[in-house]
Each structure stands twice: as structure tokens, then as C-alpha cells.
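Below: the structure, in C-alpha cells.
Protein chains: 2
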Amino acid sequence: MNLKRLQAFRAVYETGSVTAAARRLHMTQPAVSRLIGDLEKELGLQLFARQRQRLVCTEDGRSFFHEAERALAAVDQIVDIARDIRTLKGQQF
Amino acid sequence: MNLKRLQAFRAVYETGSVTAAARRLHMTQPAVSRLIGDLEKELGLQLFARQRQRLVCTEDGRSFFHEAERALAAVDQIVDIARDIRTLKGQQF
DNA sequence: AAATCTTACGGGTGACGTAACGATC
DNA sequence: GATCGTTACGTCACCCGTAAGATTT
């Protein structure tokens, strides 16, 4: 598993397009497209249905998103906690 | 942030040694040692105190571990969920 | 034709294992 | 001297951006 892939998935899920997700992530479209494809291959699930020029989230994608968001939130919290600890340390002097 | 670093941290925390953690992770000792060092550098925190031939978890390390474990559990759950979805799909046929 | 997603390709960064070193039991 | 953790070094895979292709509006 890989955090970047999860972050890309969240961005595409929320924006509904690879282009918008790439903008949010400060990346190019091909890079985001690959991350999604790699994640689908790793999971063995089709998270998005390629219809026309848009990626429509599948039923599996929606089920997966709920859990993925929890994991990403937990990881984000880790960084916050670390910063809090550092700040606390700094105040001790 | 990086999942491998967190997994290495958990393994060292629970086993109390780099060697045991490396065995559990199917990696070499230097690789695990680097992951721990990289994580500490990234967080700006000293997670373990190098005493004698053992790594003793610091106060900061213990505080951080609680949150890290939650994140890792959430990630582990993702994989499980994905497998469940695949299994369910398979049963539909 | 402009926009979107995907695939191909080359370059740079990072991770790993082996080897070597210092310290401890 | 055996074990443990760290550092050095060479190699290899992975990830990204640019370029090119296919499809849609």
C-alpha cells in the first residue's frame, strides 16, 4: 500500500476528474492517472468507470473511499501530533 | 510521510530491537535502521534512545506510537476491505 | 480544435542488500 | 569473538514530467 495512491484516489473522488485532482496535488495529469491505475491494479478493483472523458466512481470505489478517508485522516493526524510534540518540547526551554 | 517507516517503527517498538524487527519485516538490519532514522529526521523527534545495544523508546516515541498504531490499523483495514469486496464480487457469479 | 484520459519514454531520486565499522556483551 | 546498530557504497526499481496518441465535446 502507498499513501500517494490513496491521496490521489481521494482527490479524484472528490473532484471527479484527473485534471482537477492533478491541480490540487500539484502534479501532472499523467502522474495522477498512473497512481489511480496502479491502485486499482494493486487492489484488484475497478474504482472508477471510464465514461466519456470523466471518471465515474463505481460502487466498489465508494465502498473503498469510506475506509481510505479514515486511513488518510489518521495519517494526517500523525503529522499534527508530531508537530505538537515538537512545539511542546520547544516551550520547555 | 511513508507507510514503510511507520511499519518499521511499529516493529521496532514492539520487538525492542532492530534485528527482531528486520526478521519480522523480512528485511535486513541496515534497511530497518535507516527507516527509523529517516522517520526521526522527518518528524524532528527522537523516537528511540540509543543505549548500549538496544533502542529504548523515548517519551516522544510512546506518544507518537499511539497515533501511528491507529493509522496503521486503518491502512491494514483498507487491504482487508478490498479483499472483502473482491471476495463478494467473486461470489456473485 | 480544444480538452480529457492514457501510454511511451528518458531522467533523477530513493530504497534495498552487501560490505565494513564501532560498540557492547 | 559474537552480536547489535550504524554508515558507506553500488545497484536497481520506482516515480515523475515531457511528449505523443486516442477519444470526446
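As they're listed, the protein sequences go chains A and B.
With the first sequence counted from 1, adding 1 to any position gets you our numbering.
With the second sequence counted from 1, adding 1 to any position gets you our numbering.
For each residue, glycine too, the CB sits at the ideal point set by N, CA and C.
#1: So which residues of chain A does R87/B contact, with C-beta pairs closer than 7 Å?
#2: Is the region 64-71 of chain B close to the region 72-83 of chain A, with three or more CB pairs under 8 Å?
#3: State the start and end residues of the unbroken beta strand (DSSP E) segment that holds Q52/B.
#4: If you drop the 5 nearest sequence neighbours on each side, which residues of the same chain put their C-beta closer than 6 Å to that of A22/A?
#5: Measure the alpha-carbon distance for V76/B versus Q8/B and round it to whole angstroms.
#6: List, in order along the chain, the chain A residues whose C-beta lies closer than 7 Å to that of E68/B?
#7: With a threshold of 8 Å between beta-carbons, can D39/B be considered close to chain A, or not?
#8: Just to confirm my understanding: we take R25/A, look at its own chain, exclude 5 residues before and 5 after, and list those with CB closer than 7 Å. What are they?
#9: Could you tell me if G38/A is buried or exposed, where buried requires 16 or more neighbouring beta carbons within 10 angstroms of its beta carbon?
#10: Which residue comes first and which comes last in the alpha helix (DSSP H) that contains L40/B?
#11: Apart from the five residues just before and just after V57/A, which ones in its own chain have a Cβ nearer than 6 Å to its Cβ?
#12: What number of angstroms, rounded off, separates the C-alpha of L48/B from the C-alpha of R87/A?
#13: Chain B beta carbons: is any one of them nearer than 8 Å to that of M2/A?
#14: What does a CB cutoff of less than 7 Å around A72/B pick up in its chain, not counting 5 residues either side in sequence?
#15: Using the beta-carbon count (16 or more within 10 Å), is E60/B buried or exposed?
#16: Could you give the distance in angstroms between the alpha-carbon of L40/A and the alpha-carbon of R53/B?
#17: Pick out whichever of M2/A, S64/A, L36/A has its Cα sitting closest to the Cα of L89/B.
The short version:
#1: G45, L46
#2: yes
#3: 49-52
#4: A12, V13, T16, V33
#5: 11 Å
#6: Q78, I79, I82
#7: no
#8: A12, T16
#9: exposed
#10: 30-44
#11: A50
#12: 12 Å
#13: yes
#14: L7
#15: exposed
#16: 42 Å
#17: S64/A
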